[in-house]
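One structure is given below, encoded as structure tokens.
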Amino acid sequence: MSAQPLNLTRRPRSRDEIRARVADIVGKEPELGVRLDALRSFGRQVRNTEVHLTGACNIRCDGCWFFAHDFDSAVTDERDRAKVRSFVERLKADGVTSALLIGGEPTLVPDKIRPFVELLDYVTISTNGLLALPREGFEDVAIAVSVFGGGPLDDQLRAIHPNGRRFSGLIDTALTNYRDDPRATFIYALTEPGVGYIEETVRKMADNGNLISFNFYSEYGGDHPLKALEGRKLLDEALRVKELFPRAVVNDPYYIEALITGRSHGQDFGYDVCPSISVDHKAHTERIANGHPVLPGFNAWGADLETVQFCCTSGHCGDCRDSQAVHSWLLMSMHEFLDGPDDLRTWLGVSEGYWRQWSWSPYSPHRTA
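Under this note's numbering, the letters of the sequence shown match residues 77 to 445, in that order.
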């Protein structure tokens with residue numbers, strides 16, 4: 077099955093037109109209205125931020141944007157626990173309820189995770205899987221475990237110590253650390269050289285009791301432009317494996333196609349439309365004014381807890397196809413999916429698939445089983 081991208085070239089709909097279109101569609105199919113109301117109700121509870129928790133990491137992945145663009149050395153880690161807690165208190169006072177904690181490697185500094193867990197409603201960490209996040213005290217933390225390419229390609233791309241020495245078995249280590257752990261979702265970055273490993277890699281994760289969300293591998297700092305990595309073969313295989321593992325692979329087929337092709341509703345994904353930018357960064361004045369949605373109140377913070385970073389990833393938009401940024405683009409574009417019930421149904425499926433990634437979400441398969 078292949079999701080079909082929409083081809084919309086009309087002028088943007090006004091708010092009144094959007095309300096009228098939604099009312100017309102849900103009047104014809106009330107079930108869509110129930111799903112929409114549920115998504116809106118939960119979504120209103122989640123206001124997200126992203127924090128570079130540390131510049132330290134225990135591996136050096138090939139193509140990692142954090143090290144390719146020197147985020148590890150650009151600022152100094154805030155190590156004072158009282159200052160970390162004060163920072164989280166300020167986030168909470170500003171209405172933030174959810175934090176995505178990235179690195180470096182957050183599992184190296186569990187004590188810095190604790191204030192987020194104690195003060196915010198929803199916490200997610202991004203990890204390479206080499207270390208297990210303890211369960212005690214972190215029971216409700218969602219864990220996004222990165223995988224690049226799958227199969228032996230993952231070791232080739234990720235199993236590299238900071239001193240450059242290679243090792244093996246990183247996926248197996250991560251699987252052992254998070255076996256039957258409902259907190260863990262593997263964020264599996266697909267790439268054409270790894271197309272033959274997708275099914276076997278997803279099967280191992282599913283058999284391990286974990287969920288899978290597809291990402292797209294971008295070789296930051298490399299000499300391979302994104303468009304050279306796109307291909308119908310990769311998309312077809314990703315969609316085929318989604319059909320084989322409909323519960324374990326949480327993504328909607330439409331999202332998978334948008335992720336790999338970089339296109340949706342008549343647009344190309346890129347800076348002009350990406351919502352996952354830091355709204356307090358001075359570089360975004362024109363972007364915010366161009367009329368395309370941004371995530372309300374979203375900022376990405378450096379490890380000093382003072383520096384507002386450009387966006388949720390590297391700030392090098394030509395290399396980016398980050399899964400969470402693509403998800404935000406689709407989720408913030410509901411107004412483009414209102415030509416009829418099937419269009420709204422597609423958007424609902426994409427949105428529910430996004431929330432299925434996180435163990436703290438009511439859409440998590442571990443909660444709905």
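A virtual CB, placed ideally from N, CA and C, is assigned to each residue, including glycine.
- Considering only PHE292, GLY225 and PRO258, the residue with the shortest C-alpha distance to PRO441 is PRO258.
- With a beta-carbon spacing of about 6 Å, THR173 and GLN121 fall inside the 8 Å limit used to define contacts.
- Rounded to the nearest whole angstrom, the CA to CA distance from ASN366 to LEU246 is 43 Å.
- DSSP, read as helix, strand or coil, puts ASN239 in coil.
- Beta-bridge partners of TYR331 (DSSP): none assigned.
- ILE274 is the residue among SER427, ILE274 and ARG421 whose C-alpha sits nearest the C-alpha of ARG316.
- Within the same chain, LEU414 come within 6 Å of ARG97 by CB-CB distance, once the 5 residues on both sides are set aside.
- When Cβ pairs closer than 8 Å are counted between the two stretches, the stretch 184-191 is seen not to touch the stretch 99-118, the count staying below three.
- A residue is called buried once 16 or more other Cβ atoms fall within 10 Å of its Cβ, and ARG234 is buried on that count.
- Taking all protein chains shown into account, ASN284 has 16 or more neighbouring C-beta atoms within 10 Å of its C-beta and is therefore buried.
- Between the stretch 390-401 and the stretch 143-154, the count of C-beta pairs closer than 8 Å reaches three or more; the two stretches touch.
- With contacts defined by Cβ atoms closer than 8 Å, VAL326 and LEU287 form a contacting pair.
- Between TRP434 and PHE345 the beta-carbon gap is near 22 Å, outside 8 Å, which marks them as no contact.
- The continuous beta strand (DSSP E) containing LEU287 extends over residues 287-292.
- Fully contained in the stretch 157-193 are the following beta strand (DSSP E) runs of length 3 or more, in chain order: 174-178.
- Burial check for GLU126: the Cβ neighbour count within 10 Å reaches 16 or more, so the residue is buried.
- Scanning the stretch 199-248 for uninterrupted beta strand (DSSP E) segments of 3 residues or longer gives 218-224, listed from N- to C-terminal end.
- Under DSSP, VAL127 forms a beta bridge with LEU177 and TRP377.
- Secondary structure note for THR277: it is in no beta strand (DSSP E), and the uninterrupted alpha helix (DSSP H) holding it is 274-283.
- Runs of alpha helix (DSSP H) with 4 or more residues, each lying fully within the stretch 91-148, are found at 91-104, 106-119 and 141-144, listed in chain order.
- Separation of the CB atoms of PRO417 and LEU206 is rounded to 46 Å, and the pair is thereby denied contact status at 8 Å.
- Only exposed fits ASN239, as fewer than 16 other CB atoms lie within 10 angstroms of its CB.
- Rounded to the nearest angstrom, the gap between the Cα atoms of PHE292 and ARG397 is 6 Å.
- In the DSSP assignment, the residues bridged to VAL384 are TRP377.
- In this structure the stretch 161-169 does not lie against the stretch 213-232, because fewer than three pairs of beta carbons, one per stretch, are closer than 8 Å.
- Pairing ALA379 with VAL110 gives a Cβ-Cβ distance that is not under 8 Å.
- With distances taken between CA atoms, ASP197 lies nearest to GLU215 out of GLN343, PRO210, GLU215 and THR361.
- About 7 Å separates the Cβ atoms of LEU184 and ASN134, confirming a contact at the 8 Å cut-off.
- Within the same chain, Cβ atoms closer than 6 Å to the Cβ of VAL384 are found at SER354, ASP356, HIS357 and ASN375, the five residues on either side in sequence being excluded.
- By a beta-carbon distance limit of 8 Å, ALA220 contacts ILE263. Their separation comes to about 5 Å.
- Judged by their CB atoms, LEU195 and LEU129 are not nearer to each other than the 8 Å cut-off.
- Under the three-state reduction of DSSP, ASP344 is assigned to strand.
- Here PHE290 is buried: its Cβ has 16 or more other Cβ atoms, across all protein chains shown, within 10 Å.
- For VAL426, the three-state secondary structure derived from DSSP is helix.
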